[in-house]
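Numbering (the numbering used here), first residue to last: 9 to 287.
Cβ atoms here follow ideal geometry from the backbone N, Cα and C, with glycine treated the same way.
The structure displayed is predicted, hence computed values, not measured ones.
What follows is one structure encoded as structure tokens, with my remarks underneath.
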Ligand SMILES: C[S@@+](CC[C@H](N)C(=O)[O-])C[C@H]1O[C@@H](n2cnc3c(N)ncnc32)[C@H](O)[C@@H]1O
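So, in structure tokens, the structure goes:
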């Protein structure tokens, strides 16, 4: 029975029209949206979610979108005691608290796409690592030589370090708390085979740093937001131009839509191969 049918006796027909039936599950936490019209029914809805999903122990209501440098959202606890959980993905355990850090279970497919591109022995830099899903998955499953992970949000950096331990990849992953602009030059001496730039919206401010630390023929996974109407042949050319302005001639080897920012704007990953550096 779906959530709509389960609530048929509890909500009026009009209330049922406002019900959002799809939601994310991160570990044992369900993250639901309750529109204003159903504010007075939020507890009934949360109870129904708990009842229907035996693996769920906590229900959070998302009350505000992701904002700020740390890309965190706001939530209201509707049911349960703890907002900390362990999410399982591709054989890894990822510990996190969605109320204090960024994490999207919807990016699981994208993480797999990147992970399967990594060749054994690669050096990888994860510039905006969050709680470490890309770094940990790559370290566990792709046999890299080394992964350097950077994260500025102290809460996320705490989980990043814990997840490195939890998944027994401390020999491969070096995790650093702080601004990547300060930390990367201090800890990485040289160039990587692959650099991840998962900070759509602001990654352009760090392109020079990424180029500097990517070897010739290395790959940069550059995440950004693109209006649906602009996602044509010209999009890759604009990325080439952007990288040229920051000091490198590049090829765009792949353009992957990996989520929706809003109905008109997509989250896109451009895989960029560095052909020649001018810096
Ligand atoms: C969109 S999230 C991606 C996190 C992670 N890669 C993932 O897929 O879950 C971007 C992350 O970059 C972090 N961040 C923002 N600015 C930063 C900076 N200057 N240096 C290091 N980390 C930064 C944020 O705190 C956030 O955790």
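(request) Just tell me which of 43, 132, 15 has its CA closest to the CA of residue 196. (result) Taking the chain shown and counting its residues from 1, the one referred to as residue 196 is at position 188. When each option's Cα is compared against that of residue 196, the closest is 132.
(message) Could you tell me which whole beta strand (DSSP E) segments of length 3 or greater appear in the segment 18–44?
(response) The DSSP assignment places complete beta strand (DSSP E) segments of no fewer than 3 residues inside the segment 18–44 at 32–34, 37–40, in order along the chain.
(message) Buried or exposed, going by whether 16 or more other CB atoms sit within 10 Å of the CB of residue 35?
(response) The count along the chain shown starts at 1 and reaches residue 35 at position 27. By the neighbour-count rule (16 or more Cβ atoms within 10 Å), residue 35 is buried.
(message) Using only the alpha-carbon positions, how far apart do residue 38 and residue 118 sit?
(response) The residue labelled residue 38 in the question sits at position 30 within the chain shown. The residue labelled residue 118 in the question sits at position 110 within the chain shown. A direct Cα-to-Cα measurement between residue 38 and residue 118 gives close to 21 Å.
(message) Run through the DSSP bridge pairs and tell me what residue 223 is partnered with.
(response) Here residue 223 corresponds to residue number 215 of the chain shown, with the count starting at 1. Per DSSP, none; premise fails for residue 223.
(message) Less than 9 Å between the C-beta atoms of residue 87 and residue 55, yes or no?
(response) Locating residue 87 in the chain shown gives position 79, where the first residue counts as 1. Locating residue 55 in the chain shown gives position 47, where the first residue counts as 1. Against a cut-off of 9 Å, the Cβ pair of residue 55 and residue 87 comes out as a contact.
(request) Please go through the segment 186–255 and give each complete alpha helix (DSSP H) segment of 4 or more residues, from N-terminal end onward. (result) Segments of the alpha helix (DSSP H) lying fully in the segment 186–255: 188–195, 215–220, 241–254.
(message) Going by DSSP, what residue range makes up the beta strand (DSSP E) through residue 68?
(response) If you number the chain shown from 1, residue 68 lands on position 60. Unbroken beta strand (DSSP E) run through residue 68: 66–75.
(message) Give me the DSSP bridge partner(s) of residue 82.
(response) In the chain shown, the residue the question calls residue 82 occupies position 74. According to DSSP, residue 82 bridges with 72.
(message) Quick check: what's the CA-CA separation for residue 170 versus residue 29?
(response) Locating residue 170 in the chain shown gives position 162, where the first residue counts as 1. Locating residue 29 in the chain shown gives position 21, where the first residue counts as 1. Distance between the alpha carbons of residue 170 and residue 29 is about 33 Å.
(message) For a test of the three-state rule: what should DSSP assign to residue 165, helix, strand or coil?
(response) Within the chain shown, residue 165 is the residue found at index 157, counting from 1. The answer is helix: DSSP assigns residue 165 an H, G or I state.
(request) Say yes only if the C-beta of residue 106 is nearer than 8 Å to one or more non-hydrogen atoms of ligand 1, and no if none qualify. (result) Start at 1 with the first residue of the chain shown, and residue 106 comes out as number 98. No - ligand 1 has no heavy atom lying nearer than 8 Å to the Cβ of residue 106.
(request) Please find out if some non-hydrogen atom of ligand 1 comes closer than 8 Å to the beta-carbon of residue 187. (result) As a working mapping, residue 187 is identified with position 179 in the chain shown. Checking the Cβ of residue 187 against ligand 1 gives yes.
(request) Starting from residue 133, trace the beta strand (DSSP E) both ways and give me its first and last residue. (result) Position 125 of the chain shown holds residue 133. Per DSSP, residue 133 belongs to the beta strand (DSSP E) from 131–134.
(request) Could you say which of 26, 206, 41, 274 lies nearest to residue 32 if we only look at CA atoms? (result) The count along the chain shown starts at 1 and reaches residue 32 at position 24. Out of 26, 206, 41, 274, 41 has the C-alpha closest to the C-alpha of residue 32.
(message) Rounded to whole angstroms, what is the Cα-Cα separation between residue 190 and residue 270?
(response) Looking up residue 190 in the chain shown gives position 182. Looking up residue 270 in the chain shown gives position 262. Using only the alpha carbons, I get a separation of about 32 Å.
(message) As a quick exercise: from 282, 200, 244, 283, pick the residue whose alpha carbon is nearest that of residue 264.
(response) To locate residue 264, count along the chain shown from 1; it is residue 256. The shortest Cα separation from residue 264 among 282, 200, 244, 283 belongs to 244.
(request) Verify whether the separation of the beta carbon atoms of residue 239 and residue 274 is less than 9 Å. (result) If you number the chain shown from 1, residue 239 lands on position 231. If you number the chain shown from 1, residue 274 lands on position 266. Taking the C-beta atoms as reference points, residue 274 is found nearer than 9 Å to residue 239.
(request) Please go through the same chain and pick out, in chain order, the residues whose beta-carbon is closer than 8 Å to the beta-carbon of residue 98, but skip the five residues on each side of it. (result) To locate residue 98, count along the chain shown from 1; it is residue 90. Cβ neighbours of residue 98 beyond the five flanking positions: 116, 119, 120, 123, 145, 148, 149.
(message) Closer than 8 Å to a non-hydrogen atom of ligand 1 - does that hold for the CB of residue 83?
(response) Numbered from its first residue, the chain shown carries residue 83 at position 75. No, Cβ of residue 83 sits at least 8 Å from all heavy atoms of ligand 1.
(request) Within 10 angstroms of the Cβ of residue 226, are there 16 or more other Cβ atoms? Answer buried if so, exposed if not. (result) The sequence position of residue 226 within the chain shown is 218, counting from 1. Result: buried.
(request) With residue 159 as the anchor, note down where its beta strand (DSSP E) starts and where it stops. (result) For this step, residue 159 is matched to residue 151 along the chain shown. Residue 159 -> beta strand (DSSP E) spans 154–159.
(message) If distances are taken between C-alpha atoms only, which option among 17, 43, 18 comes closest to residue 27?
(response) For this step, residue 27 is matched to residue 19 along the chain shown. Selected option, being the one with the closest Cα: 43.
(message) Using C-beta distances below 8 Å, list every residue in its chain close to residue 258, excluding the 5 sequence neighbours before and after it, in chain order.
(response) One-based indexing of the chain shown puts residue 258 at position 250. The answer, listed in chain order, is 228, 247, 248, 251, 252, 280, 281, 282, 283.
(message) Assuming residue 145 is part of the alpha helix (DSSP H), what are its boundary residues?
(response) On the chain shown, residue 145 is found 137 positions in, with the first residue counted as 1. Looking at the DSSP string, the run of the alpha helix (DSSP H) that includes residue 145 is 141–149.
(message) I need the boundaries of the alpha helix (DSSP H) containing residue 53, first residue and last residue.
(response) The residue you call residue 53 lines up with position 45 of the chain shown. Here the alpha helix (DSSP H) through residue 53 covers 50–60.
(request) Let me know the secondary structure DSSP gives residue 179 once reduced to three states. (result) Residue 179 sits at position 171 when you count from the first residue of the chain shown. Residue 179 falls in the coil class under three-state DSSP.
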